[in-house]
Amino acid sequence: MSERSIFTNLVRQADGAYSAVYGPYFLQSALQPIFREHADGRLQIAAFKGLIRASAGDMPTSPGEFFQSVPEDERAAVDGLCRSLHILNAGLIGRPDVALIMSVHSGLYRAPQAMRQEAEWLRLAAHEAGIAPERIACEIRQLPGDDAEALALFADRLHEAGFSIAIDEYTGDDRDLARLERLKPQFVAFDTSWLQEFAENSAGLALLRVVIGQFADKNIQTIVGGIETPETMALCREMGGPLMQGFLLARPELAPTHFNTTFPDIGEDSPAAEQPAAPLSDAVAPVEHRVARAVRHFGRRGV
Numbered sequence: 575m576s577e578r579s580i581f582t583n584l585v586r587q588a589d590g591a592y593s594a595v596y597g598p599y600f601l602q603s604a605l606q607p608i609f610r611e612h613a614d615g616r617l618q619i620a621a622f623k624g625l626i627r628a629s630a631g632d633m634p635t636s637p638g639e640f641f642q643s644v645p646e647d648e649r650a651a652v653d654g655l656c657r658s659l660h661i662l663n664a665g666l667i668g669r670p671d672v673a674l675i676m677s678v679h680s681g682l683y684r685a686p687q688a689m690r691q692e693a694e695w696l697r698l699a700a701h702e703a704g705i706a707p708e709r710i711a712c713e714i715r716q717l718p719g720d721d722a723e724a725l726a727l728f729a730d731r732l733h734e735a736g737f738s739i740a741i742d743e744y745t746g747d748d749r750d751l752a753r754l755e756r757l758k759p760q761f762v763a764f765d766t767s768w769l770q771e772f773a774e775n776s777a778g779l780a781l782l783r784v785v786i787g788q789f790a791d792k793n794i795q796t797i798v799g800g801i802e803t804p805e806t807m808a809l810c811r812e813m814g815g816p817l818m819q820g821f822l823l824a825r826p827e828l829a830p831t832h833f834n835t836t837f838p839d840i841g842e843d844s845p846a847a848e849q850p851a852a853p854l855s856d857a858v859a860p861v862e863h864r865v866a867r868a869v870r871h872f873g874r875r876g877v
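Each residue of the sequence shown is one higher than the one before, counting from 575 in our numbering.
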């Protein structure tokens, strides 16, 4: 897949959402909200996490299986194609102050030319979607065998192009501290298992509050994922109010989503009486119930 052809794989659905066709696979973008909780308990969408959904015919395929089927020399382009899907579909929601976090398959962008090309593709998709580059965060996961210096160089290139960086599975060990120093992220997602163990006592909670406060001083937003119980939400409040993500709050939805209806933009200063938050049980939308077919090719701005 060449640079010229990447957008020819994108198609526009009858409902307005963007999808893509790659070989026998039909690719769709699912978005899951990440929330900030106001002092009065209202939930405000702070970010979306982009998740790819692949199917062959009517059979869903896991993201791992899909990427394993992609020839090695096309994986970087297909990886970028998936991010373009997320960006374009997030732009349809019309929340310019909401961030978008997307995974990057580490190790695919070792060469400087590949790094520059990916940054250019991201900027093109961001321009088409009307999203400021700084609202788009690439989540860089360091896997065993990855070249740490190459990942740091990629993060530098993305920062230079105006994009943000996210890291996940943070546990505060020496390896993670080194990741913080090298990648300079704007979002840090805690490792869920580590967090639960660490927060079992008051001393651990106090230290977490300090860590979250230190991150905030450096303009780093912390994320707690895997929230499935009210107890975990209460724990987040005790540790200082990090951003929250999980099935208890909202499940992923295929684009176009219903999040503008279930979670309207309440604004930072809107009184609670004027913009009541939906009950938590009512706000959870059905998960990924739609598989539509492509009807219109995407090629140039305004299509």
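All C-beta atoms, glycine included, are put in the ideal place defined by N, C-alpha and C.
Residues near residue i in its chain [Cβ-Cβ closer than 6 Å; skip 5 each side]
{"i": "A628", "result": "Y599, L601, T635, F640"}
{"i": "R684", "result": "A724"}
{"i": "A758", "result": "Checking the sequence, you will find Lys at residue 758 rather than Ala. No residues qualify anywhere along the chain."}
{"i": "R783", "result": "M813, G814"}
{"i": "P707", "result": "A700, G736, F737"}
{"i": "L717", "result": "S680"}
Assumed close pair residue i, residue j - CB separation to whole angstroms, cut-off 8 Å
{"i": "T803", "j": "L779", "result": "Actually they are not in contact, since the Cβ atoms of T803 and L779 sit about 17 Å apart, beyond 8 Å."}
{"i": "I608", "j": "Q760", "result": "About 13 Å separates the two Cβ atoms, so there is no contact after all."}
{"i": "S680", "j": "I714", "result": "6 Å"}
{"i": "R756", "j": "A722", "result": "6 Å"}
{"i": "P838", "j": "L605", "result": "Contact flag wrong, Cβ pair sits at about 16 Å."}
{"i": "V798", "j": "L754", "result": "At roughly 17 Å, the Cβ-Cβ gap does not stay under 8 Å, so V798 and L754 are not in contact."}
{"i": "M676", "j": "G624", "result": "4 Å"}
{"i": "G815", "j": "T766", "result": "No, G815 and T766 are not in contact; Cβ-Cβ is about 17 Å, not under 8 Å."}
{"i": "V652", "j": "Y596", "result": "6 Å"}
Beta-ladder partner(s) of residue i, from DSSP
{"i": "A673", "result": "A621"}
{"i": "E713", "result": "S677, A740"}
{"i": "T635", "result": "A628"}
{"i": "E827", "result": "L605"}
{"i": "Y596", "result": "Y599"}
{"i": "R610", "result": "Q618"}
{"i": "L817", "result": "I797"}
Close-in-space but distant-in-sequence residues of the same chain around residue i (CB under 8 Å, 5 per side omitted)
{"i": "A591", "result": "Q602, S603, N663, L666, L828, A829, P830, A866"}
{"i": "A688", "result": "A650, L682"}
{"i": "F793", "result": "Rather than Phe, the amino acid found at residue 793 in this sequence is Asn. Contacts found: Q760."}
{"i": "L781", "result": "F772"}
Residue i: CB within 8 Å of a non-hydrogen atom of the ligand NAD
{"i": "I675", "result": "The ligand content of the structure shown is nil, which means the ligand NAD is not present either."}
Own chain, CB closer than 7 Å to residue i, minus 5 neighbours either side, in chain order
{"i": "I661", "result": "L674, A699, A700, A703, I705, I710"}
{"i": "A620", "result": "I608, F609, R610, V672, A673, L817"}
{"i": "D742", "result": "E713, R715, A763"}
{"i": "A594", "result": "N583, L584, V585, L601, L655, L659"}
{"i": "D720", "result": "S680, G681"}
{"i": "G787", "result": "G814"}
{"i": "R669", "result": "I619, D839"}
{"i": "R731", "result": "M689, R690, A693"}
**OP:** Mind the definition here: the segment 742-760 touches the segment 684-701 only if three or more C-beta pairs lie below 8 Å; say whether that holds.
**Re:** Between the segment 742-760 and the segment 684-701 there are fewer than three inter-stretch CB-CB distances shorter than 8 Å, so the stretches are not counted as touching.
Original post:
Which parts of the segment 728-801 are runs of the beta strand (DSSP E), unbroken and 3 residues or longer, counting only runs that do not cross its ends?
Top reply: Complete beta strand (DSSP E) runs here, min 3: 738-744, 761-764, 795-798.
**OP:** Mind the definition here: the segment 728-738 touches the segment 684-697 only if three or more C-beta pairs lie below 8 Å; say whether that holds.
**Re:** The segment 728-738 makes contact with the segment 684-697; the number of CB pairs closer than 8 Å reaches 3 or more.
Subject >> Segment contact, 8 Å Cβ cut-off, at least three pairs: the segment 809-816 with the segment 644-653 >> reply: The segment 809-816 vs the segment 644-653: no contact.
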